[in-house]
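Residue numbers (the numbering used here): 76 to 408. Notes to accompany the following structure.
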């Protein structure tokens, strides 16, 4: 039976064209892509392309865009065997992570991809990335949100953009790649998430609900005070090493404690690219255990940010949000 794939073109470098102000999103990707395919002998599944009316450079991504993309996938779920989301690289890992939480119980692939050079430009990586993503979207053993980019198949909520100019722009710092795509498809199916029963949870997000704060030498307590707006419900801290805060900064620690007492969920991540948070391994981190800061384990920043947003958007009690942040819901930690 022929597989049918839906491609959602949201914008991003993959479909941009040159302008006097630099590359800009451009309509007409369907025609340009099929024109290039006409010169190829690639045997692809049947596919349709839906182009969003408001194409965006992904650096302009808003939390509402996650919801809109998920709603489109949900709307067409029963009509297609797999989905490809064409997206800008800057916030691709955020969107892939967000989709993994909203699209619960996947039983078919959602492949997020894009390119570093637009399709219309010489030496573009776009055609290869999109063609391979279409083929992966027809693989019915792949039942999760993934990023495919430059030969790497990565779990979407384990991926981060690690290079601004290389074709090899994405990596999965604390989890193996799901596959390496070269001449052959070398897939690690033993790592794939099992198929589920599709049960999407697509809430409305409050863009003010979650804030990210890097810890740095000399950080003052008044910086925290300025963040504590009435809408703030989640705070992600990027701490040193295995999650060590400057515990001698008593005023700063007191602000964190006050925030928790007011109902803000605080999640502790590491600034290191690899390795987990081990909260309390050093005495400086023990204070966080005492006050109820949530250790972020090996969550990527993108996964922690989107998961915290998603949980808070469901209006769960703070204690339940904290508990669920430490549990793997779709392979994110």
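All residues carry an ideal CB built from backbone N, CA and C; glycine is no exception.
Going by beta carbons, residue 345 and residue 317 fall inside the 8 Å limit. Note that the C-beta distance between residue 133 and residue 167 is below 8 Å. According to the DSSP assignment, residue 83 belongs to the beta strand (DSSP E) that extends over 79 to 86. Ranked by Cα distance from residue 395, the options 383, 406, 405 are led by 383. Collapsing the DSSP output to three states places residue 366 in a helix.
Excluding sequence positions up to five before and after residue 149, its CB lies within less than 8 Å of the CB of 178, 275, 277, all in the same chain and listed in chain order. Inter-residue distance for residue 380 and residue 92 is about 31 Å (C-alpha atoms, whole angstroms). Residue 160 is positioned such that its CB atom lies no closer than 8 Å to that of residue 228. Between residue 363 and the set 349, 334, 174, the nearest pair of CA atoms involves 334.
Per DSSP, reduced to three states, the secondary structure at residue 140 is helical. Looking only at 153, 190, 142, 80, the smallest Cα-Cα distance to residue 98 is reached by 190. Residue 285 and residue 240 have their C-alpha atoms roughly 29 Å apart. Counting along the chain, no alpha helix (DSSP H) covers residue 121; the unbroken beta strand (DSSP E) around it starts and ends at 121 to 131.
For the pair residue 266 and residue 220, the CB atoms are not nearer than the 8 Å cut-off. Taking a contact as a CB-CB distance under 8 Å, the pair residue 206 and residue 119 counts as one, their CB atoms being some 7 Å apart. Counting other Cβ atoms within 10 Å of its Cβ, residue 304 stays below 16 and is therefore classed as exposed.
Check the Cα spacing between residue 369 and each of 311, 170, 209: the tightest is with 311. The C-beta distance from residue 89 to residue 193 rounds to 7 Å, short enough to meet the 8 Å contact threshold. Between residue 157 and residue 95, the alpha-carbon positions lie close to 37 Å from each other.
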